[in-house]
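S.K.: Counting from 1, one number per residue, gives the positions in the sequence shown under the working numbering. Where is the CB? At the ideal position from N, CA and C, for every residue including glycine.
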Amino acid sequence: MLDFDEIELAWQQYSSRLLIVLRPLGGTDAEDAVQEAFIALSQLDSLPTNPMAWLIKVARNRVIQWQRSDQRRSARHAGRRTSEYFVAPSHEKALDQFEVAAALKQLPIEQAEIITMHIWGQLSFEDIATVVGKSRSSTHRVYAQALKQLRGILSGVHPHE
């Protein structure tokens, strides 16, 4: 098992970015998924080669699992993601975080995930491809399309119209 110092350092390095990456998919479950991913990390003998990609994969799978359970149980949480917001890191103040959050919600979830994993999660396209189960080139193509749509949404000109 990893020692406390390794886990604490990993938490400091990755937890905020991981939460940002998960928010579009997980809404209110994102914080719990981050914590569960770090619990799973603490059980490993050593850090994975790319801890951020590993944490995203574990936390994302947890969120998906919870969402499937929620859907089977009840539809009462159907609109929960609409009340969530995107919190940009403090160095990203050039963009209004609420505008970006609203724009990301207009994208298909896969596109929003890929954008947040690359920009705020700082993952390579290869790592993102592993997380989402696509090829690197397909992941890059989705990212490019999503950026084009996001720019259009933020500027008020929708490229797909």
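1) Between the Cα of Gln65 and those of Arg136, Thr49, Asp32, Trp11, spot the shortest distance and give me the residue it belongs to.
2) If you draw a straight line from the C-alpha of Ala103 to the C-alpha of Ala30, how long is it?
3) Classify Lys134 as helix, strand or coil using the three-state DSSP reduction.
4) Assign Gln12 to buried or exposed, taking buried as 16 or more other Cβ atoms, counted over all protein chains shown, within 10 Å of its Cβ.
5) For my contact list, Val58 and Leu22 are in at a C-beta cut-off of 8 Å; report their separation, rounded to the angstrom.
6) Look up Gln145 in the DSSP assignment and say whether it is helix, strand or coil.
7) If you reduce the DSSP assignment to three classes, tell me which class Gly152 lands in.
8) Please identify the residue among Ala10, Gln145, Ala129 whose C-alpha is closest to the C-alpha of Thr164.
9) Considering just the uninterrupted stretch of the alpha helix (DSSP H) at Met117, what are its terminal residues?
10) Excluding the 5 residues preceding and the 5 following Glu110 in the sequence, name in chain order all residues of the same chain whose CB lies nearer than 8 Å to its CB.
11) Please classify Gly162 as buried or exposed, where buried requires at least 16 neighbouring CB atoms within 10 angstroms.
12) Which of helix, strand or coil does DSSP assign to Asn50?
M.R.: The short version:
1) For the purposes of this step, residue 65 is identified with residue 65 of the sequence shown, where counting begins at 1. Residue Asp32 is the option with its Cα nearest to Gln65.
2) The sequence position of residue 103 within the sequence shown is 103, counting from 1. The sequence position of residue 30 within the sequence shown is 30, counting from 1. The alpha-carbon atoms of Ala103 and Ala30 are separated by roughly 19 Å.
3) Your numbering for residue 134 matches position 134 in the sequence shown. It is coil, neither helix nor strand.
4) Numbered from 1 along the sequence shown, position 12 holds the residue referred to as residue 12. Exposed is the call here.
5) Along the sequence shown, one-based indexing puts residue 58 at 58. Along the sequence shown, one-based indexing puts residue 22 at 22. The pair is not a contact, with the Cβ atoms about 11 Å apart (cut-off 8 Å).
6) One-based indexing of the sequence shown puts residue 145 at position 145. Of the three classes helix, strand and coil, the one that applies to Gln145 here is helix, per DSSP.
7) Here residue 152 refers to the residue found at position 152 of the sequence shown. DSSP, reduced to helix, strand and coil, places Gly152 within a helical segment of the structure shown.
8) Summary: the structure shown does not reach residue 164, with the chain confined to residues 1 through 161, and so no result is reported for it.
9) As a position in the sequence shown, residue 117 is number 117, starting the count at 1. DSSP places Met117 in the uninterrupted alpha helix (DSSP H) bounded by 109-119.
10) Within the sequence shown, numbered from 1, the residue matching residue 110 stands at position 110. Annotation for Glu110: Val132, Val142 place their beta carbon closer than 8 Å to its own, counting only its chain and skipping 5 residues before and after.
11) This structure cannot speak to residue 162, because the chain is shown only from 1 to 161.
12) Along the sequence shown, one-based indexing puts residue 50 at 50. Here Asn50 sits in coil by DSSP.
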